[in-house]
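Residues -19 to 134 (this note's numbering) make up the sequence shown, in order. Input: a single structure, listed below in structure tokens.
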Amino acid sequence: MAIRKIVTKEDPILRLKCKTVEKFDEKLWQLLDDMSETLYKAQGVGLAASQVGIRKRVAVIDPGDGLIELINPEIIKKSGKQRDIEGCLSCPDQWGYVVRPSRCTVRAQNRNGEFFEIKLEELGCRAACHEIDHLDGKLFLDLVDEFVELTEEA
Ligand code: NI
């Protein structure tokens, strides 16, 4: 496994739509392993492949209860609303309130190409929505209704 470099918001790849994964091979597994290692090192909640310079529909999230690998994910159901502070590993030092659904069902493939559905709520739902936006070339900055200054805690 290896830590990959996270690109920042100036990188044009973050504005491109990512491509559907068709090969579930060792190259994909390596990417997934590297992405989770990179996510944990950066202490983030989620990471999309485009953030490490790979234009593929791959994301990893860990809302606090374990890693979820999402390949070709789609939100097939959503309900409710939550408004909370969100950030992004590609936008260091920028934080703001974003309204998201409070619950969603995501359909995706696992690393072997098998389809599964997962129900997510609160932070998990927020993370899935944020990462799937990345796969469509969208950044949370466009959805912020109020930016906030967060100061480092001593
Ligand atoms: Ni992000």
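Built from N, CA and C at the ideal position, the CB exists for glycine as well. These figures come from a predicted structure and were not determined experimentally.
Exposed unless 16 or more other CB atoms sit within 10 angstroms - verdict on residue i
i, result
"residue 143", "With the chain covering -19 to 134 only, the question about residue 143 has no answer from this structure."
"residue -8", "exposed"
"residue -18", "exposed"
"residue 111", "buried"
"residue 70", "buried"
"residue 57", "exposed"
"residue -5", "exposed"
"residue 100", "buried"
"residue 122", "exposed"
"residue 120", "buried"
"residue 7", "exposed"
"residue 128", "exposed"
Residues that residue i bridges to, as DSSP identifies them
i, result
"residue 75", "128"
"residue 18", "In DSSP, residue 18 forms no bridge with anything."
"residue 84", "58 and 100"
"residue 122", "Looking at the DSSP assignment, residue 122 forms no beta bridge with any residue, so it has no partner."
Member of the options whose CA lies at the smallest distance from the CA of residue i
i, options, result
"residue 64", "36, 124, 119 and 13", "124"
"residue 131", "107, 73, -14 and 98", "73"
"residue 75", "18, 126 and 53", "126"
"residue 116", "71, 61, 48 and 55", "55"
"residue 27", "15, 91 and 105", "15"
"residue 91", "19, 100, 101 and 53", "53"
"residue 59", "-14, 105, 51 and 20", "105"
"residue 95", "-12, -11 and 4", "4"
"residue 82", "107, 88, 89 and 42", "107"
"residue 98", "47, 67 and 118", "47"
"residue 35", "-12, 89, 85 and 1", "1"
"residue 150", "21, 114 and 109", "Nothing can be reported for residue 150, as the shown portion of the chain is limited to -19 through 134."
DSSP state of residue i mapped onto helix, strand, coil
i, result
"residue 37", "coil"
"residue 27", "strand"
"residue 53", "strand"
"residue 42", "coil"
"residue 66", "strand"
"residue 112", "helix"
"residue -7", "helix"
"residue -1", "strand"
Proximity test, residue i beta-carbon vs the ligand ADP heavy atom, cut-off 7 Å
i, result
"residue 59", "Here the bound small molecules are the ligand NI; the ligand ADP is not part of this structure."
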